[in-house]
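Just so we're aligned: the sequence shown equals residues -25 to -1, 1 to 1012 in mature numbering (1 follows the signal peptide of the UniProt record, and there is no 0).
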Amino acid sequence: MKTPGKLKQLSVAVAMVLGVSAVHALEIAKPAPKTEKTTPFNVMQSKIIAFTDDQVPETVHAGSGSKLSLSDKRYIAGDQSLRWDWTRGSTFSVIEPIRLVTDQEAYKAWGRRGTQVLSFWIYNEKPIDDVLTVDVGRGLGGFMPADAGFEVKLNFKGWRTVGLSLQNDFQGREMEGLGISDGAEDEGGMGDMSQLGGIKPDMDSIRFSAPTGAKAGTFYIDRIMLSVDDARYQWSDDHVKTRITVPEIDFYLPDVLPTPTAEELNGVEEIHNALVRVFSSTANETGLKKINDPDKLRQMFAELEIEKDEDGALRGRHVNTKFQQVIYQPAHLNPEDKALLDDYVLMADYSALMLNMARHWNNLEAGTEKDEFKAMYLLMIEHLMDQGFADGSGLVTTHHWGYGARWWYISAMMMSEVLSEAGHRQAVYDALVWYSREFIASFSMETGKESSNLDYYNTLARQHLALLLLNPDPVERVALLKKFGDFFNQSLAQTPPGYYDGLRPDGTAWRHDGNYPGYSFPAFNGAAQVVYMLKDSPFAVSADGRANLKRAMMAAWNYSNPSVGLGLAGRHPFRPYGVKDFRESFKWLAMTGNPETGDSLDEELASTYLQVTSRSAEESQDIFGRHLEPMPLPEGHWTYNGGAFGIHRYNDKMVTLKAYNKDVWSSEIYYRDNRYGRYQSHGAVQIKPFGDQTEYGFAQEGWDWNRNPGATAIHLPLEQLNSPIRHTLMLRSSETFSGSSNLEGKYGLFGFKHKAPGHLDRFDGSFVARKSVMAVDDRLILLGSDIKNRTSKYSTETTLFQHGIAEKSADLWVNGKKVEQFPFAATLKAGDWLIDGHDNGYYVIKGDEVNVRRQHQTSRHDKTMKPTEGDFSVAWINHGKAPSDAEYEYLVLMDTTPEAMSKLADNMKAGKKPYEVLRKDASAHIIKDNTSQVTGYVAFTGGSFNEGVVSSISREAMVMTRPVSDTEMTISAVTTDLGLTKETMPKTIDIAVTIKGAWKAAEMNDKVKVAASGDSTSLVFSSYFGIPAEINLTKAQ
C-alpha cells in the first residue's frame, strides 16, 4: 500500500520519537524486553557484551546479508569472539537499552573528569579502503535513521579497538524533521525537513554497518562495552577521529643526509654493543626483574598461550597496559567481567619477558636453544602487533606508555638483526615511533619547555636511544644519533619555564609542577646511563648537561638519609624514596668525567657511589681504576627553595624543614593516595636518623596524620582531615614567602608564613601562623607566633615529635627520668625537657601546654583508608581551641644525653641561654646564636629593625650575618619568591638590605652590590630561584 506523503512524514516522525516504526518498508529489530530494576543504577559499572557463551547473545541481531556466529579462531575476551560474515552494506545490531551517562553524572560519581565511552574490538583480515559505520539510536535495525555515530577506517590488518565519547565524539546524524511540511515537494518527498540529530537519553540500539565498497568479507568483533573513562584519553588515530589529536613524531631530517664517517659508524656500533652488554648482564635494573633461568622463561612464555595456525592466524591471551584498564572501571565490574579482565596480560609483564628473552638469546652460543628462544621472541612480537600494537593504532589511548612498554624498545634493539631477518624490523620501528608520540616534546628532539620530562628520563630516554639504533637505515641512524646527543644535552642543561618538568638551578628536580623525588630519583638512573652510553662518541653530552645532572643528583644525596623525609615523599608518605633508587647513576655519571675539571673520572660522584652501595676503598680500584675513599655523610645546611625546604645535617641526622607557598605545593593527594597528607609542609621539622625509617618508628600503622613533626596544625578527626577533593589536590598558598636560607653552607634559617585557603571545605580560612627555625650544628631553635584561627571545636597544636615505639626508637626521657611504663601521659611546662627515641632533646621555653604520651594509636591508611594501629611516642604543644596570637619557643639538641639536657636546663635557669630571641612578631623573627654569633632575620614583611647589624630589609626575605672578626663579616640574603609564573622563566629579584657601619666587599661579587654612605652601607642582593646570595665584607677604611 502506498502511504500518502504527509502520513509517511508523520509515521517517520513518530518512529524517531518513540523508537518504533509503523513503516512496513523498514526493517526493525525489536528492542529487548524491559526488566524490572532490582538495584540502583551504578554509573561506574561498565556494560560489557562478551561472546563467551555457547550462542550469540539474544540482544545481538543480524540484518539482511549478515551472518553471525561464534568463533575461537580469534578473540580478545575469553576464548572466542563474534564472527561477522558480511555483504556490501549489511548490518548487525545490539538491541538493548543504553543508559546514557552525562559527563556531569560521570564527574559526580567519579570525582574527576569522566565521559561515557562506547568501545569495541574488531579484527580485519585484510586492509580495505572503506569504513565501518557505527550508529546509535532508537529501534535501530537495517537502515532505520540513527541519532548519532562515527566511522572506522578499515585500513589495517589485525585487531584494533576504538573508543569514542558519546557526548563529545559521536557525530549527530542528519534526520528527518519532526514537523509536517505543506511545501511543494512531491508525494514521497520530505522537502527541507531534515535536522541534525545527536545523542538521546532513550536510545536502545547500536548498529554496525559493513563497508559498501567491497562485495563481502569477514570481521571478528569482541568486547563491546559502554563505560566511563577518563575524559582526557580518547585519542584519534589512523582509524577513528575524536576530539583529541596527539601529534605524530617528525624527526625533521633533511631530504639528503651526509654520508656518515667511519668514526660515526663506529660510534653507533659501540653504543649499540654497550647497551646490549648492560642489559644482557645480571646487574640490577630498576623496574626490571632479570630472569636467568631458561626453564622459567619457557614457563612464562607458555602462560601467554600464544598459538599460530598453519594459515597464520594468531591466538593468545590479550595484552594491554595498566592504564588501558581504567576504561573498564575494574572496581565496579561484576565477577564474570572482572574474571575476563584479570585474564589479560599486562604490557609491563609482557615487555619485561620480551627483554628477558632477548637477554637470554644474546647470552647463548649458536645452537638449538638459541633458535628456540629466537622463535619464541618472534612469536611474541607477531602476537603483540596482531593484538593492535602497531603503527597508527591508538588503542583508545596509550598514555603513560613508558611504564608498561619500556622493555619492548630495549628488547627490539637487542634483537634488531633477528627482526631484520624475519622482516619485522621496519614494522616494529614504526610502531614504537608511533607510540612514542605521547613524549613528542622529547622524541622529536626539538628542545622546548616540555623537553625535560622526568618520566621520559625514567621510562623512555634509554628506550629513545634504543629506538634510534633500531632504525633500519644506517645513514638515518647516524643523523638521528647526532640530533639525539645535542637534544639530550640541551634537555638536561636548560632551566624550563614555569612549572614544567626538569632540573632547576638550586638542584631541585621538578615533576607534577614541583620537586618530586618519587619521579626524579628513577629519572637520574635513566639520564645518567644515557650520558654514559654516549661518552667518548661523536654524539657525547657536553659538560653543561652533565654538570646540571650532577648538581641535581648531589642535591638528592643531601636530602636523603638514605631516604627522604615525609615532607618530600609526595603522595606516598611512607614509601621511602632514597639513594638506593638511583645509586647506579652515581657510577654511570662518574665515569663520564668531571664536567668542571675535565678529569676522566668524577671522583666526588665516584666516592658517593662507594658510600651509597657500601663499597670499600679497595673495591674502588676494580670499579673505577682508582683508590678512592667512600664519601662521608654530608654535614651542613642546604637551601632548596625550588621545593620550599631546607636540609640541615649533623652527624648522621638529617633535618628536613618543609613549607609551601604560591609556587610550591603543600602535598600531593590523589583519589587513593595520601588522603590525610594535608600537613606535610605545615612548617614541618622532621629529624631523621640514618637508616631504615621503619626501624626508627616512621611507619604508617597508627600514624597520627595531624601530628607531623614540627608542624603547626588544627587537630581534626580523620573524616575532616581527609581531603575534600575526591581526586587530585595539590594545594598552594596565597603567600609568596616560605622556605629556607643558609650562610656559608653551614648555618641555616627557615621561615613559614602560613595562611590557610578559604575556598575549600574542611579548611579554616582564618588559620594563620608565623614559624621559624635557626639551625646551627647540633642545635635547632624553633619559634612560633601569631598563631590564630576560629576553629572552636578542635585544638591547634605544634608537634615536637612523633615516632613509633620500635627497636631503635623505644626510649623516652622526661626531666631526667627514663620512662618505661606504657601507656604514659604527662603535661609539661616551660623549663621542662624531654628526649625522644632518637636522642633528640627538647627544652621548652614557651608553650601553652606541652603534652607527652607513650600510647596506642589508631589511624587510617593513607591509600585504603582502612584502620591501622600502633604504639607511639609523641609530644605536642597544645595552643587550645580557636587560639588568638598563640606562640611557642623551644630548643632541640641532637645526639644529646640526659646529662647534657640537665646541664642545659641549669644554664637556662641561670640565664645562660645559648641563643637570644631578639624579636618575635608578625613582621619578623630575629634570632642570635651566642656560640656561633650568627644572627638570622626572618622578615615576613619588609621593614626597619633595631636588632643586630641589619637596620632594614626591603621585602619578605631571610638575611643571615656572622662576624668573622672586628673588621670582617659574612652576610647572605634570599627571598623565597622564585620569580616565575606557571609559564614564565624565573626572574632575578633584588633585595635591598641596609646594615650599620661602613663596609666594602672583600672580593668581587656579581650577585651583591655594595655602597657605603656615612655610618651605614646599602647592599642589593640578586636573588635567583631562591638561591641565597652571599658576600664577605670588610670594614671600610
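Don't be surprised by glycine CBs; every beta carbon is placed ideally from N, CA and C.
What span of residues does the alpha helix (DSSP H) with residue i cover, start to end?
| i | result |
| --- | --- |
| L354 | T343 to D361 |
| D405 | R400 to Y410 |
| residue 1035 | The requested residue 1035 does not occur in the structure, where the chain is confined to residues -25 to 1012. |
| K878 | P873 to K884 |
| H547 | Element bounds for H547: n/a, residue is neither H nor E. |
| V111 | Counting along the chain, V111 falls outside any alpha helix (DSSP H), though it belongs to the beta strand (DSSP E) covering V106 to G112. |
| H247 | A237 to S255 |
| L704 | No alpha helix (DSSP H) holds L704; DSSP gives it neither H nor E. |
| I302 | Looking at the DSSP string, I302 is not in any alpha helix (DSSP H), and its letter there is neither H nor E. |
| K313 | P310 to D317 |
| S495 | P492 to L509 |
Just to confirm, is the Cβ distance from residue i to residue j under 8 angstroms?
| i | j | result |
| --- | --- | --- |
| H214 | V111 | no |
| P233 | P449 | no |
| W532 | V554 | yes |
| Y475 | K424 | yes |
| H547 | G493 | yes |
| S741 | R765 | yes |
| R486 | D556 | no |
| V203 | A81 | yes |
| P480 | Y999 | yes |
| T343 | Y378 | no |
| L757 | V660 | yes |
| H690 | Y584 | no |
Could you give the first and the last residue of the continuous beta strand (DSSP E) run that contains residue i?
| i | result |
| --- | --- |
| M629 | K628 to K633 |
| K746 | V743 to V751 |
| F727 | Y722 to K730 |
| M388 | First-last for M388: W376 to M389, but that is the alpha helix (DSSP H), not the beta strand (DSSP E). |
| S716 | S713 to L718 |
| residue 1013 | There is no way to answer for residue 1013, as the model of the chain reaches only from -25 to 1012. |
| I199 | A191 to D205 |
| A986 | V983 to S988 |
Roughly how many whole angstroms lie between the Cα atoms of residue i and residue j?
| i | j | result |
| --- | --- | --- |
| E239 | L456 | 9 angstroms |
| T843 | S68 | 51 angstroms |
| G545 | E280 | 40 angstroms |
| L696 | D205 | 27 angstroms |
| V294 | S211 | 20 angstroms |
| A891 | M749 | Reading the sequence as shown, one finds Glu at residue 891 and not Ala. Each residue's alpha carbon lies about 11 angstroms from the other. |
| S997 | I928 | 13 angstroms |
| S495 | Q796 | 44 angstroms |
| S582 | P605 | 5 angstroms |
| Q1012 | E1005 | 22 angstroms |
| N616 | Y352 | 49 angstroms |
| K101 | W61 | 14 angstroms |
| R737 | Q675 | 23 angstroms |
| R437 | H836 | 36 angstroms |
| P1003 | N649 | 32 angstroms |
| residue 1036 | G477 | The structure shown does not extend to residue 1036, since the chain is modelled only from -25 through 1012, so no value can be given for it. |
| residue 1037 | D488 | The requested residue 1037 does not occur in the structure, where the chain is confined to residues -25 to 1012. |
| H375 | F298 | 7 angstroms |
| L316 | W336 | 32 angstroms |
| F665 | G568 | 29 angstroms |
| I700 | Y645 | 9 angstroms |
| V827 | K663 | 20 angstroms |
| V925 | T969 | 6 angstroms |
| T833 | N309 | 33 angstroms |
Would you mind giving the Cβ-Cβ distance between residue i and residue j, rounded to the nearest angstrom? I have them listed as a contact below 8 angstroms.
| i | j | result |
| --- | --- | --- |
| I73 | M200 | Not really, about 12 angstroms apart at Cβ, beyond 8 angstroms. |
| V751 | S907 | 5 angstroms |
| M329 | W383 | 6 angstroms |
| E874 | I852 | Rounded, the Cβ-Cβ distance is 25 angstroms, inconsistent with contact. |
| F348 | L354 | Their Cβ separation, rounded to whole angstroms, is 11 angstroms, which puts F348 and L354 out of contact at 8 angstroms. |
Beta strand (DSSP E) segments (min. 3 residues) lying fully within the stretch 53 to 102: 56 to 62, 66 to 70 and 89 to 99
Inside the stretch 11 to 50 only - alpha helix (DSSP H) runs reaching at least 4 residues: none
Entirely enclosed beta strand (DSSP E) segments - the stretch 591 to 617, minimum 3 residues: 611 to 615
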